[in-house]
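Working notes for the structure below.
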Amino acid sequence: PMPQPHNVQRIRPNMPDYGITDTPTDGMLTWDWLDAQLTTARNYWVCTTRPDGRPHAVPVWAIWMDNTLFFSSSKTAIKAQNIAHNPHVVVHLESGDDTVICEGILLTLAPQDPRKPALFQAYAQKYSFNPADNDDPTTSDWYELRFDKIMTWRESDFLDSVAYWIFDV
């Protein structure tokens, strides 16, 4: 597991309508739990906004590596067009029982980004598909998610486990 980044603070959210106020932090989920969820997930839902304000959501394959989430898209895909217009996104995992919801901004990787070989190797190992075989910066982009906030909880013990991760940007 990756250690918790220095630029993030775990807090207990103030949610009085859910019975959560300034309560002790005992039981809050840890960075190790979050790291495991993002590492082992198969599908990640990317939520973007169309230029006219309508929402768009689509599942993608992604890699969680060095506390960063990476995924790719064809430049002609709706999500890529939306990202080009507004790079602010929400990315969440499939489970509502073991919940991870990430908010942030997507940055486009440079075609020669030095992280790409390790990223492609991890992707090939996870999905049995090597993106290096089709990496064409004229037709697709790779993105990294810069986090503003991550929300986590387990449904089974929501009142104790809920934690927000606030990033310095």
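In my numbering, each residue's number is its place in the sequence shown (first place is 1) plus 2. In this text, a Cβ means the ideal position worked out from N, Cα and C, and glycines have one as well. Note that the coordinates shown come from a computational prediction; the quantities given were computed from them, not determined experimentally.
For D143, the enclosing beta strand (DSSP E) covers residues S142 to R156. Taking a C-beta distance under 8 Å as the contact criterion, D37 and M4 qualify as a contact pair. The alpha-carbon of D135 is positioned some 29 Å away from that of G106. Burial is judged here by how many other beta carbons sit within 10 angstroms of a residue's own beta carbon; I80 has fewer than 16 and is exposed. The C-beta distance from R14 to I22 rounds to 7 Å, short enough to meet the 8 Å contact threshold. Inclusion of V48 and V102 in the CB contact set at 8 Å is not warranted, their separation being larger than that value. For V62, the closest C-alpha among the options Y46, Q83 and H87 is that of Y46. Annotated three-state conformation of W63 is coil, per DSSP. Straight across, the Cα-Cα distance linking T70 with L147 is about 6 Å. H58 is bridged by DSSP to T50. Listed as beta-bridge partners of E105 by DSSP are V92 and K151. For F160, the uninterrupted alpha helix (DSSP H) segment begins and ends at F160 to S163. The alpha-carbon of I65 is positioned some 28 Å away from that of G55.
Classified as buried, S75 has 16 or more neighbouring CB atoms from the shown chains inside 10 Å of its CB. A Cβ-Cβ contact shorter than 8 Å links A43 with L95. Check the Cα spacing between K77 and each of Q123, D137 and Q114: the tightest is with D137.
Remark: C-beta atoms of Y125 and I85 do not approach each other more closely than 8 Å.
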